[in-house]
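Engineer:
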Amino acid sequence: MPAYNADAFIEQSIISVLAQSYTNWQLIVIDDGSTDGTAAIVKQYQKKDNRITYHFQNNQGLGAARNTGFKLVKGQWIAFLDADDLWLENKLQVQMATAINSNADVVFTSGYYLDKANVKPYESLTGNYNGHALYKILLNHNHIAILSVCIKKALADNLGAMDTNLLVFGNEDWDYWLRACKFNAVFIGLKDKLFKYRVHDKGISANTQRMLMGSYYLICKNYDSSLLNNQEQRYQQFKLLTAIPFILKSMFKWSGNKPKNDFAALVFKILAASFPVLPAFSYNLFKSRFNKTAILNNCLTDVGP
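Counting from 1 along the sequence shown, just add 12 to a position and that's the residue number in the working numbering.
(1) In terms of residue numbering, what span does the alpha helix (DSSP H) encompassing Ser-227 cover?
(2) What residues in its chain sit with their C-beta under 6 Å from that of Ile-158, if we drop five residues either side in the sequence?
(3) Arg-191 lies in the alpha helix (DSSP H); which residues open and close that run?
(4) Going by other Cβ atoms of all chains shown within 10 Å of its Cβ, with 16 needed for buried, is Lys-59 buried or exposed?
(5) Check Gln-323 in the structure and name its three-state DSSP category.
(6) My understanding is that Thr-80 touches Leu-39, with C-beta atoms under 8 Å, so please give their C-beta distance in whole angstroms.
(7) Out of Trp-37, Gly-182, Ile-27, Thr-220, point me to the one whose CA is closest to Met-108's CA.
(8) In angstroms, rounded to a whole number, what distance separates the CA positions of Tyr-247 and Tyr-147?
(9) By the 10 Å Cβ neighbour count, where 16 or more other Cβ atoms means buried, how is Met-50 classified, buried or exposed?
(10) How long is the line joining the alpha carbons of Val-85 and Ser-237, rounded to whole angstroms?
(11) Just to confirm my understanding: we take Asp-204, look at its own chain, exclude 5 residues before and 5 after, and list those with CB closer than 6 Å. What are they?
(12) How long is the line joining the alpha carbons of Leu-119 and Thr-138, rounded to whole angstroms?
(13) Please report the distance separating the alpha-carbon of Val-198 from that of Asp-117.
(14) Can you give the Cα-Cα distance for Pro-317 and His-153, rounded to whole angstroms?
(15) Near Cys-193, which residues of its chain fall below 7 Å by C-beta distance, leaving aside the five closest residues on each side in sequence?
(16) Just mark Pro-257 as buried or exposed, buried being the case when its beta carbon has 16 or more other beta carbons within 10 Å.
(17) Once the 5 residues before and after Leu-7 are set aside, which same chain residues still bring their CB inside 8 Å of it?
(18) Scan the stretch 43 to 104 and note each continuous alpha helix (DSSP H) run of 4 residues or more that stays entirely inside, going in chain order.
(19) In chain order, what residues of the same chain have a beta carbon less than 6 Å from the beta carbon of His-67, not counting five sequence neighbours either side?
(20) Measure the alpha-carbon distance for Tyr-57 versus Ala-15 and round it to whole angstroms.
(21) Roughly how many whole angstroms lie between the Cα atoms of Asn-296 and Thr-254?
(22) Roughly how many angstroms separate the alpha carbons of Gln-249 and Leu-290, rounded to a whole number?
(23) Just mark Val-131 as buried or exposed, buried being the case when its beta carbon has 16 or more other beta carbons within 10 Å.
(24) Out of Asp-96, Phe-264, Lys-272, which has the shortest C-alpha to C-alpha gap to Met-13?
(25) Using the Cβ count rule (16 or more neighbours within 10 Å means buried), how would you classify Leu-283?
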């Protein structure tokens with residue numbers, strides 16, 4: 013459980029873990045440099061239950077906090093919960109039963125959005141997937157909520173640390189699932205609704221521009237033409253090329269050389285990955301009068317040289 017200035021919600025999150033019908037768990041709270049009452053709340057519960065571990069580190073970001081948690085895990089499975097979200101009481105029990113009775117490397121579920129007092133369904137994928145098949149689906153959208161996931165520690169060890177690059181902002185989990193897909197891990201999606209994802213103004217997902225940038229970064233990073241047919245390759249390449257103006261605009265908003273170098277490197281990687289379709293893209297760019305939707309539609313109908 014990564015936490016940064018989370019005293020508004022972290023107590024409810026901890027209580028949702030304590031309420032689990034499956035009791036063989038270890039809760040690792042990584043305090044990522046909080047300056048509010050987060051530490052006091054966690055330590056209060058730590059005194060009452062020795063299954064809770066508290067670890068403080070200087071602020072390094074969400075991915076780095078989860079990576080610290082990986083190093084402290086003692087069990088064979090890893091589950092994720094942010095400090096503002098909730099698990100339903102049978103969440104771990106249902107997933108562990110599935111894990112034990114299958115060859116799954118990753119088990120995930122559906123759940124609910126929690127927006128103040130309003131609750132609405134958060135639908136995910138259901139069924140069994142091999143990683144290479146799921147890759148094509150996840151490359152277009154992250155359908156797997158991180159608080160729903162239980163991942164085999166052996167797989168996490170093979171995948172290594174979560175990405176901590178500045179550009180991945182808020183998409184560390186999506187990047188991790190794509191890496192697991194490329195590893196051809198076995199995913200099982202359950203129809204059970206077993207979590208509540210809290211929507212609020214201070215949540216990372218509220219920063220839509222940074223999240224969008226992160227999506228372009230991780231798609232380019234995880235692009236693997238060997239897992240896509242020709243039309244799928246062309247679509248992803250066109251999509252990345254249409255992102256370049258947004259990336260360049262974002263680059264000039266940042267101060268300091270390091271972030272700007274990362275933005276520039278991303279543009280060059282996109283151009284390299286999409287080089288085979290540059291003539292067709294240029295043709296469609298002018299034909300569609302720079303309309304992004306029209307460009308992507310044209311790429312699917314093979315319009316252009």
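Where is the CB? At the ideal position from N, CA and C, for every residue including glycine.
Structural biologist: For this structure:
(1) Here the alpha helix (DSSP H) through Ser-227 covers 220 to 234.
(2) Phe-92, Asp-185, listed in sequence order.
(3) Judged by DSSP secondary structure, Arg-191 falls within the alpha helix (DSSP H) whose first and last residues are 184 to 194.
(4) It is exposed - the Cβ of Lys-59 has fewer than 16 other Cβ atoms within 10 Å.
(5) Past the edges of the chain, shown from 13 to 317, lies residue 323, and the structure says nothing about it.
(6) Between Leu-39 and Thr-80 the Cβ distance is about 14 Å, and since that is not below 8 Å, they are no contact.
(7) Met-108 has its Cα closest to that of Trp-37, out of Trp-37, Gly-182, Ile-27, Thr-220.
(8) Rounded to the nearest angstrom, the two C-alpha atoms are 15 Å apart.
(9) It should be noted that the sequence gives Thr, not Met, for residue 50. Around the beta carbon of Thr-50, 16 or more other beta carbons lie within 10 angstroms, which makes this residue buried.
(10) Spanning the two alpha carbons is a distance of roughly 34 Å.
(11) Hits under 6 Å: Val-106, Thr-121.
(12) Sequence check: residue 119 is Val here, not Leu. Rounded to whole angstroms, Val-119 and Thr-138 show a C-alpha spacing of 10 Å.
(13) A straight-line Cα-Cα distance of about 5 Å links Val-198 and Asp-117.
(14) Low confidence applies to Pro-317: its pLDDT is 38, below 50, so where it sits in the model is not reliable, and the reading given next is rough at best. Between the C-alpha atoms of Pro-317 and His-153 there is a straight-line separation of about 29 Å.
(15) Cβ neighbours of Cys-193 beyond the five flanking positions: Gly-143, His-144, Leu-146, Tyr-147, Leu-150.
(16) Only exposed fits Pro-257, as fewer than 16 other CB atoms lie within 10 angstroms of its CB.
(17) The first residue shown for the chain is 13 and the last is 317, placing residue 7 beyond what the model contains.
(18) Here the runs fully enclosed are 50 to 60, 74 to 84.
(19) Apart from sequence neighbours up to five positions away, the residues of its chain that approach His-67 with a beta-carbon distance below 6 Å are Ile-42, ordered along the chain.
(20) Their backbone Cα atoms lie some 15 Å apart in a straight line.
(21) Cα to Cα, the separation comes out at about 11 Å.
(22) One C-alpha to the other measures close to 9 Å.
(23) Val-131 should be labelled exposed.
(24) Measuring from the Cα of Met-13, the nearest candidate turns out to be Asp-96.
(25) Around the C-beta of Leu-283, fewer than 16 other C-beta atoms lie within 10 Å, and the residue is accordingly described as exposed.
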